[in-house]
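A.B. asks: If you scroll down you'll find the structure; I have some questions about it.
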Amino acid sequence: MTHDPNSTVMEKYYTAQRTSLPDLTLLALDIEFYFGYELAVHATRRAKLKSDHNNHI
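Position one of the sequence shown corresponds to residue 321 (my numbering), numbered consecutively onward.
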């Protein structure tokens with residue numbers, strides 16, 4: 321099962337509207353989520369490439 325970042329972002333918008341969070345706080349949450357997700361994807365790809373490389377040696 322893959323993680324869908326869009327559903328999490330939409331959930332944050334919905335929650336923020338209900339709790340009246342300031343827009344800047346919401347923006348910070350989105351930036352933090354986006355970069356955290358991208359870093360996790362990048363780290364996973366690097367680990368797989370390294371594993372594949374080690375398996376070919």
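Built from N, CA and C at the ideal position, the CB exists for glycine as well.
Please report the distance separating the alpha-carbon of S327 from that of F353.
C.D. replies: Working through the sequence shown from its first residue, we reach residue 327 at position 7. Working through the sequence shown from its first residue, we reach residue 353 at position 33. The straight-line gap from Cα to Cα measures roughly 12 Å.
A.B. asks: Measuring alpha carbon to alpha carbon, tell me which residue in V329, Y357, R366 is nearest L347.
C.D. replies: Mapped onto the sequence shown, residue 347 falls at position 27. Closest by alpha carbon: V329.
A.B. asks: Can you grab the Cα-Cα spacing for the pair H376 / K370, in whole Å?
C.D. replies: Along the sequence shown, one-based indexing puts residue 376 at 56. Along the sequence shown, one-based indexing puts residue 370 at 50. Answer to the nearest angstrom: the Cα atoms are 10 Å apart.
A.B. asks: So what does DSSP say about H373, is it helix, strand or coil?
C.D. replies: Residue numbering aside, residue 373 sits at position 53 when the sequence shown is read from its first letter. Note: H373 maps to helix in three-state DSSP.
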